[in-house]
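Read the structure below first, then the notes.
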């Protein structure tokens, strides 16, 4: 029994789907995919499965470049006796593949796994024979997209739903209102979108389309209307909802603002009752998110009528007033059959136990809530707008060591869009969100980072084939021409929200069209060069191909030419370019030293380390990531020549 | 007067729109484009202009990355007294731009020019002040897309119409039927699409959508139903139309095939009358293309009834029979109010003089036809599927030296799709079709190739911003991972139809997913390196930055690693990779020699030239284009060391 469990928990990584399945047993042979490929369903009579199989067949064609005309059944999707919600089994042999699932969701997840298993082999595109059993670790695997701070046209939501489905994320948390924009058409209160959106909002037909589109891909849509704070855009059309007299207009800058709903007026709840009545009808999911975060109580404190209301109710603090507001909202949602979801701050005494807490504060806050009987979702550590590497998010587990996972529904990657536009969101979401998807789906024990990155590279291609676009090259072309820009881009990484908000004062009207916006959060090129440098450092004489690879890269860097950086978008890059050029020269010298072609003075390494440390300071809101492989070579030299020379200089 | 004419004919190239305008006079200052940008129309009351201005405003946002919310009129589009069809005038000053045109087409062309004039300047995105007067050289500037041999989904047509509009092409010649597929829904003869299309056809609603979409972009749509040859797909549903008994099925291979309509049966013309009656109603353009090319008379010769018909009519040759067929078809078209267009072969005695001849045979055939009173369109020299460089097409003028252009309506770029799929068509069409567009729009005297390539690089970015996608990286990722593949891609160029049809036997079911399909017809990287090599060759000691650029490129090549080329798509690339690696080493050595860092034996250059000549033989249907810059360096060395050593070895 113990052995069997182990087999379930330690996946055999002969293939590279992401998230990695719970159990994979390889077998002999391959199933060939050619233009005769066809799939059929047995026992399912569900339009969603039929539609998914049709989409899947088109996608196989796009993924492989094979013109599929069908004729021979290579994949059977069949209904199985109850195997658990979302779970599926895949049996692949050289003759055919059989996908068995008891739910539509399971069948759809199995199709995604199958699509990722297709690879170019010796004879053609093929899927290696295997027996796969798979199911999710957590039932709530979400992605939050903030469509308020930067408007996200409906195509953005569509293609990102396809991407979510590809990595088995199953909840779109749609952040639809905030200080900077109200993004859904209300027929009851049309001034919400008329005055709060610059004309950028989803019509109710579009909302219904997206909900259906998501459902077709086994994804639930949970809307968020953030209140009582983060509501400036509501007040542009309905100033009477606010705790201080208006007028109000759409907020154009970023931060936490004072405008807050008035919890002391009964008319506020009348409005919310009618509004939530309309919106709960639009979103069929049983969960409904009402935000509740980051309340600035200034307006409450300055309002005599609110202060009088608090005294009358014996509320000592703003927290008490907030708790009262949440209880009223919860009552309204309950009437409409919805379970309330809120951020950490909603957790006040008296909050109903069926509330779901979304924690941006951390695993400890989450565990505290679940110990008290609430259910929770972790978002702390999954904020993609912070521009951390995938490995950072991957190491972040919803479940604290030693705590049980009772009450933990799962987690949600969060994409706040102060510094993210419709043009850049794909590259800021993907592929890193796939690492979070794996953390939430696969076994807790699957933690090898190098292996995760291998899968991440592979899943990037899958994501591209479902429509995800980085737009990097187009944005670089906009900044200027010449090969140096791409080299700079490959060598750099952007600052996240923390770095950018101190670098300059941004508003929503500032274009996000600079190098910092174009480049991916994590440079794959630097990652590969870093691995190569590790190989060279371990064995400078033996790793000839790797050494040649590094030499080519460093030669390129050393030849970086800032001469063409002469317009308003590129001029800020001259120092980055100069740094990269110098870094290339240091790297070339380091390679010569390691290959014993030249020697350096004893303190050369420490001198270079100091130079590199200077280069790592952000310029133009980007950081030179390319120092990493060079640091590794310098470390190797210092190990050769003696460690004392670099004392205290490594990061 | 002479001076004025000269000013019109020799454009001042201070800015880079493509096609280059007839007259551009720069002025002082710039018009800044920011988020307040708005355009308005004066005097036009045409929904097409309004729609174009709205699209234009969205596009400015996409092109610059600026969130446009409007508020300040920066561009006025105004109706002008008659200035000629398609012509326009643009006056740009630091305060505003005024676009004047007397037709919708002229206004739309002016918007495209304005969009291309926006560039990143010192303060932001800006348009340099100028006075521009512009009009087309030829009224018929077409692009033919073959949707029969490979199916082109409607999105392909849409985005390519946007690209055509961007470079002022104004005729989509839509090749809708051929042996390999019948691509339009016929309600009168539904077996055409039912048996002739594999389910890949445009519905009549889609056709109407495309015609309207094109009209909105000042583009006419001329359909082609090729007959009496190239008609196998018609016969799959209606074998009685053929000259020999069936059954017939969709042709899967490429070439000229025997199935041909029966010109001797009266029922054929009854069918065509009803069919053309339906189709002429669907396509409002006054011109209608009926092909008429490449007729194999075998079926006619083998049919006793056709032979009897010929004797009865005193037809001596198959040409006479073909002439009879065309006259009958022309009669039908005339009845429906259409002017017939056909390929060279329709030009038989007795053909009505209002016929338009499309010449794939050459300028001489075209001039012969126009001298006899016909109107003509040149397509010879504009076949993009031959994979010639843009400079080749650019040098091809519709008008012969010494002949006048009377009767020459213009020209058409042709995209035959034996070796082009929906995935690869964008990169095979663009940017090269833009060079043809310039040839057909701009003054005959605009012929500088280096300047054309500068504009081509710029217009590539415009084309990308209207939705054109090369798919190169996605296709490379499909073949395999690793940086070597991109290096190989940048160093190689694909064979055209001539080379590919002899390399292997293709059918329409063969995937077009190899390196040859992924890479652009003309490597921009090699072109830039070639220019760099010319600079270095001219002054090896002075061109330090250029020398470093070449050294970086050659170092990269010399480090090419074929180790990962182990699947069925990449294994054929091992010899290409080996060649590139050797070429890189030769290049590095050549740089050392030119920089006097080393010397070589007198016959070293001729040895290397022989090696390079071997490398230039096609492998895997691609050619190593990267030899060009290395050849230039070797030539420079041989000039230094004496010319005798390379005698007869250059291309």
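Protein chains in written order, with my numbering: chain W, 1 to 651; chain D, 652 to 1302.
Glycine is no exception: its CB is placed at the ideal position from the N, C-alpha and C atoms.
Helix, strand or coil at residue 681(W) according to DSSP, with G and I counted as helix = Only positions 1 to 651 of chain W appear in the structure, and residue 681(W) is not among them; the question remains open.
task = Check residue 977(D) in the structure and name its three-state DSSP category.
result = Residue 977(D) falls in the helix class under three-state DSSP.
inquiry  = Using a Cβ-Cβ cutoff of less than 7 Å, which residues in the same chain neighbour residue 1140(D) once the five nearest sequence positions on both sides are dropped?
reply    = For residue 1140(D), where only same-chain residues beyond five positions count, the Cβ hits under 7 Å are 1123, 1127, 1166, 1169 and 1170.
message = Which same chain residues end up closer than 6 Å to residue 1213(D) when comparing Cβ atoms and leaving out the 5 residues on each side of it in sequence?
response = Within the same chain, 1225 and 1228 come within 6 Å of residue 1213(D) by CB-CB distance, once the 5 residues on both sides are set aside.
ask   = Unbroken beta strand (DSSP E) runs of length 3 or more, entirely within the stretch 683-753 of chain D: which are they?
value = Taking 3 residues as the shortest admissible run, the stretch 683-753 of chain D contains the following complete beta strand (DSSP E) segments, listed from N- to C-terminal end: 688-693, 723-730, 739-743 and 748-752.
ask   = I think residue 92(W) touches residue 172(W), with their Cβ atoms under 8 Å apart; what is that distance to the nearest whole Å?
value = Actually they do not touch by this definition, with Cβ atoms about 30 Å apart.
Residue-chain proximity (residue 29(W), chain D), Cβ-Cβ < 9 Å = At a cut-off of 9 Å between beta-carbon atoms, residue 29(W) makes no contact with chain D.
key: Run of the alpha helix (DSSP H) containing residue 1076(D), from where it starts to where it stops   = 1076-1080 is the extent of the alpha helix (DSSP H) around residue 1076(D).
task = Check the Cβ-Cβ distances between residue 902(D) and every residue of chain W, and say whether any is below 9 Å.
result = Residue contact with chain W for residue 902(D): absent (no Cβ-Cβ distance below 9 Å to any residue of chain W).
request  = May I ask you to list, following chain order, the residues of the stretch 341-362 of chain W that have a beta carbon less than 7 Å from some beta carbon of chain D?
outcome  = Per Cβ criterion, the list is empty.
task = Taking only beta carbons into account, state which residues of the stretch 508-539 of chain W come closer than 9 Å to chain D, listed in chain order.
result = Of all residues in the stretch 508-539 of chain W, only 508, 509, 510, 511, 512, 513, 514, 517, 525 and 528 place a beta-carbon less than 9 Å from a beta-carbon of chain D.
Near-chain D residues of the stretch 118-151 of chain W - C-beta to any C-beta below 7 Å = Cβ contacts with chain D: 120, 121, 122, 123 and 124.
query = Shortest alpha-carbon distance to residue 1219(D) belongs to which of 34(W), 125(W), 94(W) and 18(W)?
reply = Among 34(W), 125(W), 94(W) and 18(W), the Cα nearest to that of residue 1219(D) belongs to 125(W).
Exposed unless 16 or more other CB atoms sit within 10 angstroms - verdict on residue 9(W) = At residue 9(W), the pLDDT of 38 sits below 50, so the modelled position is not reliable and the matter cannot be decided from this model.
message = Within 9 Å of any Cβ in chain W, is that where the Cβ of residue 1220(D) sits?
response = Taking a beta-carbon distance threshold of 9 Å, residue 1220(D) counts as an interface residue toward chain W.
Beta-carbon proximity list for residue 1273(D), same chain, < 8 Å, skipping 5 on both sides = Around residue 1273(D): 1143, 1144, 1145, 1146, 1166, 1167, 1170 and 1227.
request  = Would you kindly check if the distance between the Cβ of residue 875(D) and the Cβ of residue 980(D) is under 9 Å?
outcome  = Against a cut-off of 9 Å, the Cβ pair of residue 875(D) and residue 980(D) comes out as no contact.
query = If we call anything under 9 Å between Cβ atoms a contact, is residue 1018(D) one with residue 1054(D)?
reply = Here residue 1018(D) is near residue 1054(D), since their CB atoms are less than 9 Å apart.
request  = Select from 1084(D), 688(D), 731(D) and 746(D) the residue whose C-alpha is nearest the C-alpha of residue 758(D).
outcome  = Among 1084(D), 688(D), 731(D) and 746(D), the Cα nearest to that of residue 758(D) belongs to 731(D).
inquiry  = As a quick exercise: from 462(W), 296(W), 280(W) and 365(W), pick the residue whose alpha carbon is nearest that of residue 339(W).
reply    = Closest by alpha carbon: 280(W).
Nonlocal neighbours in the same chain, by C-beta distance under 6 Å from residue 1063(D), ignoring five residues either side = A distance below 6 Å between beta-carbons, with the five flanking residues on each side excluded, links residue 1063(D) to the following residues of its chain, in chain order: 793, 795, 824, 1028 and 1030.
request  = Pull out every residue of the stretch 459-475 of chain W whose Cβ sits closer than 9 Å to any Cβ of chain D, in chain order.
outcome  = Flagged, chain order: 460, 461, 464, 465, 469, 473, 474 and 475.
ask   = At a CB-CB cut-off below 8 Å, which residues of chain D make contact with residue 551(W)?
value = Contact annotation for residue 551(W) against chain D: 1206 and 1210 [CB-CB distance below 8 Å, chain order].
inquiry  = Comparing C-alpha positions only, which one of 933(D), 869(D) and 831(D) sits nearest to residue 886(D)?
reply    = When C-alpha distances from residue 886(D) are compared across 933(D), 869(D) and 831(D), the shortest belongs to 831(D).
key: C-beta atoms of residue 1196(D) and residue 1244(D) nearer than 9 Å   = The Cβ-Cβ distance between residue 1196(D) and residue 1244(D) does not fall below 9 Å.
request  = Would you mind reading off the limits of the alpha helix (DSSP H) that contains residue 1125(D)?
outcome  = Run containing residue 1125(D): 1123-1130, per the alpha helix (DSSP H) assignment.
task = Name the residue from 214(W), 159(W), 33(W) and 529(W) whose alpha carbon lies nearest to the alpha carbon of residue 122(W).
result = Ranking the options by Cα distance to residue 122(W), first place goes to 33(W).
key: is_contact[residue 715(D), chain W] using C-beta, thresh 9 Å   = Yes, residue 715(D) lies at the interface with chain W (some Cβ there is under 9 Å from its Cβ).
query = Quick one: any contact between the stretch 185-192 of chain W and the stretch 156-163 of chain W, if contact means 3 or more CB pairs under 8 Å?
reply = For the pair of segments examined, the stretch 185-192 of chain W was found not to touch the stretch 156-163 of chain W: the number of CB pairs separated by less than 8 Å stays below three.
query = Taking just the CA atoms, how far does residue 890(D) sit from residue 899(D)?
reply = Approximately 7 Å between the Cα atoms of the pair.
inquiry  = If you measure between the beta carbons of residue 713(D) and residue 1111(D), is that distance less than 9 Å?
reply    = No, these two residues do not count as a Cβ contact at 9 Å.
task = Measure from the C-beta of residue 1149(D) to each C-beta in chain W and report whether the shortest distance is under 9 Å.
result = No, its Cβ sits nowhere closer than 9 Å to a Cβ of chain W.
query = Under the DSSP definition of a beta bridge, which residues are partnered with residue 359(W)?
reply = DSSP lists 378(W) as the bridge partner or partners of residue 359(W).
query = Going by C-alpha distance, which of 668(D), 723(D), 691(D) and 790(D) is nearest residue 750(D)?
reply = For the residues 668(D), 723(D), 691(D) and 790(D), the minimum Cα distance to residue 750(D) belongs to 691(D).
query = Do you know whose CA, among 218(W), 407(W), 304(W) and 195(W), lies nearest residue 237(W)'s CA?
reply = Checked all of 218(W), 407(W), 304(W) and 195(W); the closest Cα to residue 237(W) is 195(W).
Local Cβ density within 10 Å of residue 953(D), reported as buried at 16 or more and exposed below that = An exposed status is given to residue 953(D), since fewer than 16 other beta-carbon atoms sit within 10 Å of its beta-carbon.
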